[in-house]
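Take a look at the structure below.
Number of protein chains: 2
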Amino acid sequence: MVRKNHRFTLAARPTGLVKSTDFTFEEEAVRELGDRELLVQIRYISLDPAMRGWMNEGKSYIRPVAIGEVMRAGAIGSVIESRHPGFAVGTPVLGTFGMQEYAISNGEGVLPIDPRLSPGLVPLPVMLSTLGMPGLTAYFGLLDIGKPVAGNTVVVSGAAGAVGSVVGQIAKIQGCRAVGIAGGADKCRYLTELGFDAAIDYKAGDIKDALRQHCPQGIDVFFDNVGGDILDAALARLAPRARIIICGAISQYNNTAPVKGPSNYLSLLVNRASMTGMVVFDYAARYPAAIAEMAQWVAAGKLRSREDIVRGLDQFPHALLKLFTGENHGKLMLELPA
Amino acid sequence: MVRKNHRFTLAARPTGLVKSTDFTFEEEAVRELGDRELLVQIRYISLDPAMRGWMNEGKSYIRPVAIGEVMRAGAIGSVIESRHPGFAVGTPVLGTFGMQEYAISNGEGVLPIDPRLSPGLVPLPVMLSTLGMPGLTAYFGLLDIGKPVAGNTVVVSGAAGAVGSVVGQIAKIQGCRAVGIAGGADKCRYLTELGFDAAIDYKAGDIKDALRQHCPQGIDVFFDNVGGDILDAALARLAPRARIIICGAISQYNNTAPVKGPSNYLSLLVNRASMTGMVVFDYAARYPAAIAEMAQWVAAGKLRSREDIVRGLDQFPHALLKLFTGENHGKLMLELPA
Numbered sequence: 166m167v168r169k170n171h172r173f174t175l176a177a178r179p180t181g182l183v184k185s186t187d188f189t190f191e192e193e194a195v196r197e198l199g200d201r202e203l204l205v206q207i208r209y210i211s212l213d214p215a216m217r218g219w220m221n222e223g224k225s226y227i228r229p230v231a232i233g234e235v236m237r238a239g240a241i242g243s244v245i246e247s248r249h250p251g252f253a254v255g256t257p258v259l260g261t262f263g264m265q266e267y268a269i270s271n272g273e274g275v276l277p278i279d280p281r282l283s284p285g286l287v288p289l290p291v292m293l294s295t296l297g298m299p300g301l302t303a304y305f306g307l308l309d310i311g312k313p314v315a316g317n318t319v320v321v322s323g324a325a326g327a328v329g330s331v332v333g334q335i336a337k338i339q340g341c342r343a344v345g346i347a348g349g350a351d352k353c354r355y356l357t358e359l360g361f362d363a364a365i366d367y368k369a370g371d372i373k374d375a376l377r378q379h380c381p382q383g384i385d386v387f388f389d390n391v392g393g394d395i396l397d398a399a400l401a402r403l404a405p406r407a408r409i410i411i412c413g414a415i416s417q418y419n420n421t422a423p424v425k426g427p428s429n430y431l432s433l434l435v436n437r438a439s440m441t442g443m444v445v446f447d448y449a450a451r452y453p454a455a456i457a458e459m460a461q462w463v464a465a466g467k468l469r470s471r472e473d474i475v476r477g478l479d480q481f482p483h484a485l486l487k488l489f490t491g492e493n494h495g496k497l498m499l500e501l502p503a
Numbered sequence: 166m167v168r169k170n171h172r173f174t175l176a177a178r179p180t181g182l183v184k185s186t187d188f189t190f191e192e193e194a195v196r197e198l199g200d201r202e203l204l205v206q207i208r209y210i211s212l213d214p215a216m217r218g219w220m221n222e223g224k225s226y227i228r229p230v231a232i233g234e235v236m237r238a239g240a241i242g243s244v245i246e247s248r249h250p251g252f253a254v255g256t257p258v259l260g261t262f263g264m265q266e267y268a269i270s271n272g273e274g275v276l277p278i279d280p281r282l283s284p285g286l287v288p289l290p291v292m293l294s295t296l297g298m299p300g301l302t303a304y305f306g307l308l309d310i311g312k313p314v315a316g317n318t319v320v321v322s323g324a325a326g327a328v329g330s331v332v333g334q335i336a337k338i339q340g341c342r343a344v345g346i347a348g349g350a351d352k353c354r355y356l357t358e359l360g361f362d363a364a365i366d367y368k369a370g371d372i373k374d375a376l377r378q379h380c381p382q383g384i385d386v387f388f389d390n391v392g393g394d395i396l397d398a399a400l401a402r403l404a405p406r407a408r409i410i411i412c413g414a415i416s417q418y419n420n421t422a423p424v425k426g427p428s429n430y431l432s433l434l435v436n437r438a439s440m441t442g443m444v445v446f447d448y449a450a451r452y453p454a455a456i457a458e459m460a461q462w463v464a465a466g467k468l469r470s471r472e473d474i475v476r477g478l479d480q481f482p483h484a485l486l487k488l489f490t491g492e493n494h495g496k497l498m499l500e501l502p503a
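And the structure:
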């Protein structure tokens, strides 16, 4: 029996928002495994804002996806064939398997999922959200760079997203005041349900006024996923020695005009504050410990998540657009048939 | 005998560049000293880019100069009368004495100048430049925030200025490659004389090309005094884990339009780099140790300086403008008669 794989490859480098014509949907036969290779049947594929950056040419923290290459994506699946001694058939695995149904791997960068964690302790989709890249990004960005201290005011933009919602909840676990910025009443209600002390709807009024109201002592830690005017408003409200984590800038990813630089950056000087970029891949050696700690928080009900699960590989790239229009509610991912 | 003091008080908050009508030149009789007061005859008055910020209304790292108040300025003078037990007549002192000939002080924030240092080891004007606020700013900004390691490439903007020239020389002392950015061939020649490895004339060509040429391994530490396009060009050339020190933004101080934010700030993310503001006053407790260390470097000829000394109090505020037009060569100060 020859298995058929369906996949999306990059057809063109997009200008502005991604279009479906930027990808090619292909069918291919799954080839036979070579020595030390494994075949993964993919079950969940993560859709992330960072994907937009991977489609651009030019130097970045990771090489761009090549034209004709399978679109890069983090995913969870099961090993269904193996000629690799480290991976038994049936093992659930996490890896950068790409936007496709089946992936062949040499095992590099493939993490077996600890069966005590999932599906034992947490559902499989949570391994792609809170205990996956988004959760790890929140964990290391907030704790290692933000260095929050109990009593600090922690503000996060894109707060209803997969990273932001974890940032706010970990801030609460650390004894901080957590303020989330999100777009729309629904998302803000979600933040309150998660235990945020305040939720600011950036679509509903002046964000500077809202930050003044909800951060009377100023912002000690600002975790930025959004950039643009929101970053500028936060800069205007920093507390002395504030720490800003630059995790992303979703407001700027589809720009055709130059990125809007934060014109209030001199607030860094006035407040002796810092602004530091982070990329989660740098912390790979510490993933297992972080996942174990967060799994305890999940099990204790202190760290909750919501997944926005879209069924069917063919929904990509349409589903991806939801990230940039702000339509998704919770961690966006595709589910493929078991 | 009644002494007459001449002084400049702030008459108006400037828009854009400072005008002479923003100040009032006044004459007053020097009053008698109260208990625990001292009278200082001022000899040298520092002219600094930061003065422009002190003239603006609004929250900053230090309160604005009030309308009608003597313009704030760092200065060196001699105690000529004293009812303060801590200050004997004849003591040379450093303090924020203001833009005037005589200052009455209660001694707060007044530092006696160690006679072993000056005039013994270094000339008095150097106490306002390399061993004064500019030098201390360079010292703490570069060493504490920049954390340069031997072999690093350190780039400084405003490199021919009082702060920048010390930054480059301390970078060399630390075993780094020092690259200075300055405006004009004269200033660039000066940098080479001071031992900088390369000098970039931002008026002579594309600064991005020049940074590519002179920083083949990227920029590990960028000490920014200038902001604007120069900050953006440096951001585009960062090495992984680069440290940016935001010390000032002289290109933006006289703006009537909003400050230009650094549109390449996402390079912080790509390179896991940081951008941190600094204000020298935070390091006051460590001034004596830093001055002692730098005095040794001065004595050993490793740390050289040039002062641009303008004679006469009445030359203010005309002389101040030289800072913003880039006309000064070395640390700008006024000299008053002995």
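Chains as they are written, first to last, in the working numbering: chain A, 166 to 503; chain B, 166 to 503. Built from N, CA and C at the ideal position, the CB exists for glycine as well. All values reported here derive from a predicted model rather than from experimental measurement.
Could you check what DSSP says for residue i in three-state terms: helix, strand or coil?
i: glutamine 382 (chain A); result: coil
i: arginine 196 (chain A); result: coil
i: threonine 318 (chain A); result: strand
i: leucine 468 (chain A); result: coil
i: proline 290 (chain B); result: helix
i: proline 453 (chain B); result: helix
i: aspartate 362 (chain B); result: coil
i: leucine 182 (chain A); result: coil
i: valine 235 (chain A); result: strand
i: methionine 459 (chain A); result: helix
i: tyrosine 267 (chain B); result: strand
i: serine 416 (chain A); result: helix
i: glycine 242 (chain A); result: strand
i: glycine 311 (chain A); result: helix
i: serine 525 (chain B); result: Here chain B covers residues 166 to 503 and nothing more, so residue 525 (chain B) does not appear.
i: proline 405 (chain B); result: strand
i: arginine 201 (chain B); result: coil
i: arginine 377 (chain A); result: helix
i: serine 428 (chain B); result: coil
i: serine 330 (chain A); result: helix
Anything in chain B within Cβ reach of residue i, meaning under 9 Å, just list it in chain order.
i: arginine 437 (chain A); result: Tyr226, Thr441, Gly442, Met443, Val444 and Asp447
Mind pulling the chain A residues with CB within less than 7 Å of residue i?
i: valine 424 (chain B); result: Ser428 and Leu431
Using a C-beta to C-beta distance shorter than 8 Å, which residues of chain B count as neighbours of residue i?
i: isoleucine 411 (chain A); result: Tyr430, Leu431, Leu433 and Leu434
Taking DSSP's pairing of strands, which residues face residue i in a bridge?
i: histidine 171 (chain A); result: A:Glu192
i: serine 211 (chain A); result: A:Met498
i: valine 475 (chain A); result: A:Leu499
i: leucine 434 (chain A); result: DSSP, once it has assigned bridges, lists no residue as partnering leucine 434 (chain A).
i: arginine 228 (chain A); result: Note: arginine 228 (chain A) sits in no beta bridge, so no partner.
i: phenylalanine 446 (chain A); result: Answer is none; phenylalanine 446 (chain A) lacks a bridge partner.
i: aspartate 389 (chain A); result: A:Ile411
i: alanine 347 (chain A); result: A:Asp366
i: valine 258 (chain A); result: A:Gly242 and A:Pro277
i: arginine 217 (chain B); result: The partner list for arginine 217 (chain B) (beta bridge, DSSP) is empty, contrary to what the question assumes.
i: arginine 531 (chain A); result: Residue 531 (chain A) cannot be examined here, being either before or after the span of chain A that is shown, 166 to 503.
For the putative contact between residue i and residue j, defined by C-beta atoms under 8 Å, what is the C-beta separation to the nearest angstrom?
i: leucine 212 (chain A); j: leucine 485 (chain A); result: 5 Å
i: leucine 296 (chain B); j: valine 287 (chain B); result: 6 Å
i: asparagine 170 (chain A); j: tyrosine 267 (chain A); result: 4 Å
i: glycine 510 (chain B); j: alanine 324 (chain B); result: Because chain B here runs from 166 to 503, residue 510 (chain B) falls outside it and cannot be looked at.
i: leucine 433 (chain B); j: methionine 440 (chain B); result: 6 Å
i: methionine 236 (chain B); j: valine 230 (chain B); result: 6 Å
At a Cβ threshold of 8 Å, is residue i touching chain E?
i: leucine 488 (chain A); result: In summary, chain E is missing from the structure at hand, where the protein chains are A and B.
Q) Residues in the stretch 389–423 of chain A with C-beta within 8 Å of chain B's C-beta atoms, listed in sequence order? A) Gly392, Asp397, Ile411, Cys412, Gly413, Ala414, Gln417 and Pro423
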